[in-house]
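Numbering (the working numbering), first residue to last: 383 to 933.
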């Protein structure tokens, strides 16, 4: 039997896959209707694009035809009209020169009409959209024509009417023929230019038609290919997903619960496949749980049988041990009573120690206070010594001044001569006394300084003594506190020992009850063994039923 540990309890994983598919495969999540209509929509869009391109190109061809009409055919017709009018004017001018007799003749009137027709034709042609070259050629043609009709009207026709052939011929040959040739040449240039424009426009129309045809054909082919490819992809997609679902259903009918459709699309098939996967997963979980419970049930039956046997053996052993424990409990009870008596004696000793420690702490506190008083007194002694030093400084200053006065008196006595000898002796004695006073004050100052130093050392020593006594006081306090805590602990221990003594007696009584319960347990072991055998049989049958599935 194969066990597949991954169950469909992966709803979180399916949620993650759905989010990923939503980002990467939008089309897969569309409905079947959308997918089937997508190819039709592509074909319709292609048809629309083809129609749009065709209409645009047809409009372009229409505009090109209009351009041919306005820029090529119409100018060509006007040039043809100019040429026809020019040829008619030449014919009528010859008739006027050779056949007419005066201005009232029909030939002359025809010539005048041809002049007007020619001028109108030139003016009409000039209104067209002409190139710079065509306008230059038209200007040359107009100039040649004006010269031609001027010479014919004012020179050749009067000579023809007068019959002066000898004068008429040179003018016609030398002036009129070159002008006629120039007019004809300019007409040929204009005709060639118009024909070139027609040809160029026709070529552009042909190119536009070819481009339009190619665009329409390529667009149609691309649209058809896209529609066919989209239809093929959609059909294959649907068939592949249907086959996945069908495979899972077939395997499920055979009892194989290990397969899943794994269809990630969001359409109807994807929803159906995910529902099938969920149902298969839950069924797999249920079968797996049943198989596990069956296995556990069979094992539990066997274990229950073994445990029942162990309980039976343990029950007998319990009965034996209960008697031993009962005797031990009596012995423990007697020992605990002895321990309780010793604990009471230890409590009395600890209370005595606590009293002594408290008294030691009190004495240490008094020593600390005495040391503080001595330190204060010695500090005052240092202050008094400092004041004595100030007095000594004053005495030293007076001795110095007395010495100066004695010196001055000695000098004055020396000046007085014999009369001042007695005064000089007194002054000398005063000076010696001042010097002795100075030495005495210096010695006193030195001794006061020594006293101040010794007082400082005494203060330091007393301070250290105070610190030591303070620590002794702290230790005494700590000892007193510890002794009090120990006293409380001892009292608690005495109480606990008393309770333990009572508990030992209870244990002895309970052990007797345990022995009785063990005997009752032995009576129920047989029933437990029969129930365990039945439980093992049911577990085996359930395992056989679950073994028909592959999960």
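Where a beta carbon is used, it is the ideal one built from N, C-alpha and C, also for glycine.
Whole-angstrom distance between residue j and residue i, CA atom to CA atom
{"i": "residue 552", "j": "residue 586", "result": "50 Å"}
{"i": "residue 635", "j": "residue 606", "result": "43 Å"}
{"i": "residue 429", "j": "residue 438", "result": "14 Å"}
{"i": "residue 472", "j": "residue 527", "result": "11 Å"}
{"i": "residue 535", "j": "residue 474", "result": "12 Å"}
{"i": "residue 554", "j": "residue 572", "result": "25 Å"}
{"i": "residue 754", "j": "residue 870", "result": "36 Å"}
{"i": "residue 787", "j": "residue 831", "result": "30 Å"}
{"i": "residue 548", "j": "residue 483", "result": "18 Å"}
{"i": "residue 919", "j": "residue 663", "result": "29 Å"}
{"i": "residue 772", "j": "residue 765", "result": "11 Å"}
{"i": "residue 619", "j": "residue 675", "result": "42 Å"}
{"i": "residue 856", "j": "residue 762", "result": "29 Å"}
{"i": "residue 923", "j": "residue 678", "result": "13 Å"}
{"i": "residue 798", "j": "residue 829", "result": "43 Å"}
{"i": "residue 542", "j": "residue 481", "result": "8 Å"}
{"i": "residue 789", "j": "residue 814", "result": "10 Å"}
{"i": "residue 510", "j": "residue 518", "result": "14 Å"}
{"i": "residue 583", "j": "residue 455", "result": "11 Å"}
{"i": "residue 835", "j": "residue 842", "result": "11 Å"}
{"i": "residue 758", "j": "residue 849", "result": "15 Å"}
{"i": "residue 476", "j": "residue 563", "result": "16 Å"}
{"i": "residue 495", "j": "residue 512", "result": "27 Å"}
{"i": "residue 522", "j": "residue 469", "result": "18 Å"}
{"i": "residue 860", "j": "residue 775", "result": "53 Å"}
{"i": "residue 912", "j": "residue 688", "result": "12 Å"}
{"i": "residue 853", "j": "residue 751", "result": "13 Å"}
{"i": "residue 578", "j": "residue 588", "result": "15 Å"}
Residues of its chain near residue i, where Cβ-Cβ distance is below 8 Å and the 5 sequence neighbours each way are ignored
{"i": "residue 435", "result": "594, 597, 598, 601"}
{"i": "residue 425", "result": "605, 606, 609"}
{"i": "residue 839", "result": "none"}
{"i": "residue 406", "result": "In this prediction, residue 406 has a pLDDT of 44, which is less than 50 and means its spatial position is unreliable; what the coordinates show is noted afterwards. Cβ neighbours of residue 406 beyond the five flanking positions: none."}
{"i": "residue 546", "result": "none"}
{"i": "residue 461", "result": "507, 569, 572, 573, 576"}
{"i": "residue 427", "result": "605"}
Local conformation of residue i per DSSP, three classes
{"i": "residue 638", "result": "strand"}
{"i": "residue 929", "result": "coil"}
{"i": "residue 482", "result": "coil"}
{"i": "residue 626", "result": "helix"}
{"i": "residue 670", "result": "helix"}
{"i": "residue 487", "result": "coil"}
{"i": "residue 916", "result": "helix"}
{"i": "residue 405", "result": "Bear in mind that a pLDDT of 45 at residue 405, under 50, signals an unreliable position, so the number given afterwards is only what the model happens to contain. DSSP places residue 405 in helix when its eight states are reduced to three."}
{"i": "residue 545", "result": "coil"}
{"i": "residue 469", "result": "helix"}
{"i": "residue 785", "result": "helix"}
{"i": "residue 536", "result": "helix"}
{"i": "residue 512", "result": "coil"}
{"i": "residue 632", "result": "helix"}
{"i": "residue 496", "result": "helix"}
{"i": "residue 644", "result": "coil"}
Sequence-distant residues of the same chain with beta carbon closer than 7 Å to residue i, five excluded per side
{"i": "residue 778", "result": "820, 823"}
{"i": "residue 415", "result": "none"}
{"i": "residue 508", "result": "520"}
{"i": "residue 926", "result": "none"}
{"i": "residue 525", "result": "none"}
{"i": "residue 567", "result": "none"}
Residue i CB to nearest heavy atom of the ligand MG below 6 Å
{"i": "residue 922", "result": "Only the bare structure without any ligand can be found here, which leaves the ligand MG out of the picture."}
Whole-Å CB distance - residue i paired with residue j, under 8 Å assumed
{"i": "residue 478", "j": "residue 539", "result": "5 Å"}
{"i": "residue 784", "j": "residue 810", "result": "At roughly 13 Å, the Cβ-Cβ gap does not stay under 8 Å, so residue 784 and residue 810 are not in contact."}
{"i": "residue 806", "j": "residue 796", "result": "7 Å"}
{"i": "residue 497", "j": "residue 569", "result": "About 17 Å separates the two Cβ atoms, so there is no contact after all."}
{"i": "residue 515", "j": "residue 576", "result": "Rounded, the Cβ-Cβ distance is 12 Å, inconsistent with contact."}
{"i": "residue 458", "j": "residue 580", "result": "7 Å"}
Cβ-based neighbour list, residue i, same chain, cut-off 6 Å, excluding 5 preceding and 5 following
{"i": "residue 622", "result": "none"}
{"i": "residue 467", "result": "499, 500, 503"}
{"i": "residue 431", "result": "601"}
{"i": "residue 557", "result": "533"}
{"i": "residue 531", "result": "497"}
{"i": "residue 561", "result": "526, 529, 530"}
I'd like to know if the region 501 to 517 and the region 477 to 493 are in contact, where contact means that at least 3 CB-CB pairs between them fall below 8 Å. no
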